[in-house]
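Per this note's numbering, residue 42 is the first one in the sequence shown, and the count goes up by one each step.
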Amino acid sequence: MTTDKPTYQFFVGIDVSKATLDATLIDQQAHKIAYQQFANSPQGMIGLSQWVSQHLPQSSLRSVLYCMEHTGLYSRNLMHYLVDQQAHVWLEHPLQINQSMGLQRGKTDKADSYRIARYAHHFATQARCLKSYDPALETLQDLLTARNRHLLALNQLKTAYQELLQLAPTSANLLSTAQQQAQAGLLESLKLIQEQIRLWVNRHHHLWQQAQLAQSIKGLGQYTVLWLMVYTRNFDAEFSARRIAALVGVAPYRHQSGSSVQKGTHTSQFAHLKLKALLHMAALNAIRFNEPLKAYYQRKVAEGKAKMLVINNVRNKLLHQLVAVIRQGKPDQMTAMPKA
């Protein structure tokens, strides 16, 4: 049974920053009704709701679509507030909004809020509104982000020291003890964060269960799976394999215009690069340890296919395996790995 999407009569575009919320309200004809700036605080969010109510009749409040860019922590509390108010809330990727609106002249928070409102108006039929949120999943994202920051800091520290060792060995020797202590401290913190991630997932059965199912597929490691869970809302039903592939940037798109432009299929540049890198490493593991995908890779390369093309196909096949396992609720028996 299909459910008709609501027909929106008004659109609120919200540009979110750490300190402020810039909101523009437009109607079905994309005419601007009002603009106002609010503090990004509980009081400011209440003020935003009251401001919308002041400009619209009571009967129209259920036909308002709120749209904002996904800005991580900055937009989280506003998203919580609006979802709790049972408002129609659309969180969209910033790149998606920027690319859809073409060349923009000038940039201010006020102009950005109007641009977001126009985007919501133009693509209202494609709006994916949030019905709920998962605090456990949000905390998992915060823990994973902290882990990534520690890994980045560790790599930067090592790289800078190696360069110093090659170009200025005297300075490097003077800094050797400090370097070792800094690396040891970061590694210890990294271990603590990773233990917190393990405990957090184990504490929340709905996260643990999905992670176990996904990791039954050879090639998909723990952190690849956890990041995919974060960005697909724990493998929400609306995320098909094709949609995840588009999010990650491995879905092939044909590049053609008339008879003169024939570039075959390419993946999108507008992807989540962190996820794409993780899935690439997963594919490299899969062609070594996942027997069906290993056989597929060897066969296609033997046929003369480009290796990177075949690896991209492996990434897509991994995602299709993943979605099938999640939807069936059963571990992948063909490629199941023993748990440590």
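Where a beta carbon is used, it is the ideal one built from N, C-alpha and C, also for glycine.
- Under DSSP, residue 53 shares a beta bridge with 66 and 107.
- In this structure, DSSP gives residue 180 a helical state, which the three-state scheme calls helix.
- According to the DSSP assignment, residue 122 belongs to the alpha helix (DSSP H) that extends over 114-125.
- Residue 272 is bridged by DSSP to nothing; it lacks a bridge partner.
- Counting only unbroken stretches of 3 or more residues, the beta strand (DSSP E) elements lying wholly within the segment 299-370 are 302-308, in sequence order.
- DSSP links residue 249 through a beta bridge to no other residue.
- Judged by beta-carbon spacing, residue 189 lies beyond the 8 Å limit of residue 291, meaning their Cβ atoms are not closer than that value.
- Following the DSSP letters along the chain, one finds residue 258 in no alpha helix (DSSP H), marked with neither H nor E.
- Taking residue 185 as the centre and dropping the five residues before and after it, the same chain places the C-beta of 238, 264, 267, 268 and 271 closer than 8 Å to its C-beta, in chain order.
- Selection 94, 284 and 61 evaluated against residue 82 yields 61 as nearest (Cα-Cα).
- If one requires a minimum length of 4 residues, the alpha helix (DSSP H) runs lying completely within the segment 81-106 are 83-96, in chain order.
- Cβ-Cβ separation between residue 67 and residue 108: approximately 11 Å, too far for a contact (criterion under 8 Å).
- When the Cα atoms are used, residue 50 and residue 78 turn out to be separated by approximately 22 Å.
- Beta-bridge partners of residue 134 (DSSP): none assigned.
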